[in-house]
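Peer 1: Input: one structure, supplied below.
Number of protein chains: 2
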Amino acid sequence: MVKISVMYPNTPGARFDHAYYRDKHMPMVKARMGDSCQYYTIDKGLAGGTPGAPPTYIGMSHIYCESIEAFQAGFGPHARDIMGDIANYTDLSPVLQISEVVVG
Amino acid sequence: MVKISVMYPNTPGARFDHAYYRDKHMPMVKARMGDSCQYYTIDKGLAGGTPGAPPTYIGMSHIYCESIEAFQAGFGPHARDIMGDIANYTDLSPVLQISEVVVG
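Following this line, the structure appears as structure tokens:
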């Protein structure tokens with residue numbers, strides 16, 4: 000299995016609507032992707048690794064798919080809709096990473 | 000619930016022994032932390048978000064705990080042992096982040 004991590008850098012002054020992301024955006028992503036998204040998780044950044052340090056990412060989601068090809072097949076046809084919704088919750092550009100799930 | 004993400008930047012030329020990390024290091028972390036670590040996951044970086052782009056992180060683990068205090072109570076007494084094992088699998092310094100699990 001692979002996970003697609005979508006990570007929003009914690010930039011001072013940036014806008015990020017956690018409620019919209021949780022209640023609207025990610026459910027829409029799942030609905031559009033259908034079974035090609037087996038499930039997803041959402042994180043809200045709380046802190047960094049040292050006392051008082053901010054988190055590196057203000058928010059993250061992780062989309063779990065059988066393979067990179069399954070992700071592309073499920074996401075590609077809806078990329079425009081999904082990307083077009085980003086402005087509704089943030090002015091940040093996410094960092095994307097695809098990982099192999101070694102222990103899930 | 001919170002997750003502690005330990006993220007190793009994908010620095011060219013750096014050393015990272017994925018097998019040791021999976022088979023030795025993370026099981027040792029879980030054994031030392033006991034029930035304060037509910038479970039953990041491991042990722043191996045495959046790719047970035049654009050064709051041909053490398054992953055931001057070569058490896059990541061995520062340690063799930065009831066609270067930040069539970070993590071500190073479980074990790075703190077064993078920090079020296081756990082940190083001392085890092086050199087056995089990498090010469091990288093990890094980026095740490097604590098997140099609230101919004102959707103798990």
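From first to last, the protein sequence lines stand for chains A and B.
Just so it is clear: in the first sequence, position 99 is 98 by numbering that gives the first Met the number 0, and no numbers are missing.
Just so it is clear: in the second sequence, position 89 is 88 by numbering that gives the first Met the number 0, and no numbers are missing.
Ideal Cβ positions, reconstructed from N, Cα and C, are used throughout, including at glycine.
(1) Rounded to a whole number of angstroms, what is the C-alpha to C-alpha distance between P76 of chain A and P50 of chain A?
(2) Kindly indicate if chain B contains any beta-carbon less than 9 Å away from that of E99 of chain A.
(3) Give me the DSSP bridge partner(s) of M59 of chain A.
(4) Looking at the structure shown, is S92 of chain B part of a helix, part of a strand, or coil, going by DSSP?
(5) Once DSSP output is grouped into helix, strand and coil, what is the label at G83 of chain B?
(6) DSSP three-state call for E99 of chain A: helix, strand or coil?
(7) Taking just the CA atoms, how far does G73 of chain B sit from T40 of chain A?
(8) Compile a chain-ordered list of the residues in the segment 32 to 43 of chain A whose CB is closer than 8 Å to at least one CB of chain B.
(9) Is G48 of chain B helix, strand or coil when you go by DSSP?
(10) Between the segment 45 to 59 of chain B and chain A, which residues of the former have a C-beta closer than 9 Å to a C-beta of the latter?
(11) Could you pull the start and end residues of the alpha helix (DSSP H) that A69 of chain A belongs to?
(12) Out of A:E68, A:G103, A:L91, A:V94, state which residue places its alpha-carbon closest to the alpha-carbon of M32 of chain A.
(13) The alpha helix (DSSP H) that contains K23 of chain B, what's its start and end?
(14) Should H17 of chain B be flagged as near chain A, meaning a C-beta pair shorter than 9 Å?
(15) Would you please verify whether the beta carbon of A67 of chain A is less than 9 Å from any beta carbon of chain B?
Peer 2: In brief:
(1) Your numbering for residue 76 of chain A matches position 77 in the first sequence. Your numbering for residue 50 of chain A matches position 51 in the first sequence. Rounded to whole angstroms, P76 of chain A to P50 of chain A spans 43 Å at the Cα level.
(2) Counting from one through the first sequence, the residue named residue 99 of chain A turns up at place 100. It does; some Cβ of chain B falls within 9 Å.
(3) If you number the first sequence from 1, residue 59 of chain A lands on position 60. M59 of chain A pairs with A:M6, A:D42.
(4) As a first step, residue 92 of chain B must be located in the second sequence, where it is residue number 93. If DSSP states are grouped into helix, strand and coil, S92 of chain B belongs with coil.
(5) Working through the second sequence from its first residue, we reach residue 83 of chain B at position 84. G83 of chain B: helix per DSSP, three-state reduction.
(6) Mapped onto the first sequence, residue 99 of chain A falls at position 100. DSSP places E99 of chain A within a strand segment (E or B) once states are collapsed to three.
(7) Position 41 of the first sequence, counted from the start, is the residue given in the question as residue 40 of chain A. Position 74 of the second sequence, counted from the start, is the residue given in the question as residue 73 of chain B. Cα to Cα, the separation comes out at about 24 Å.
(8) Y39, T40, I41, D42, K43
(9) As a working mapping, residue 48 of chain B is identified with position 49 in the second sequence. G48 of chain B: coil per DSSP, three-state reduction.
(10) Here the close residues are L45, A46, G47, G48, T49, A52, P54, T55, Y56, G58, M59.
(11) Position 70 of the first sequence, counting from 1, holds the residue named residue 69 of chain A. Looking at the DSSP string, the run of the alpha helix (DSSP H) that includes A69 of chain A is 67 to 74.
(12) By one-based count along the first sequence, residue 32 of chain A stands at place 33. Closest option to M32 of chain A, Cα to Cα, is A:E68.
(13) For the purposes of this step, residue 23 of chain B is identified with residue 24 of the second sequence, where counting begins at 1. First-last for K23 of chain B: undefined, no H or E at that position.
(14) In the second sequence, residue 17 of chain B corresponds to position 18, counting from 1. For H17 of chain B, the answer is yes, since a Cβ of chain A falls inside 9 Å of its Cβ.
(15) In the first sequence, residue 67 of chain A corresponds to position 68, counting from 1. The question names Ala, yet the displayed sequence has Ile at residue 67 of chain A. The Cβ of I67 of chain A sits closer than 9 Å to at least one Cβ of chain B.
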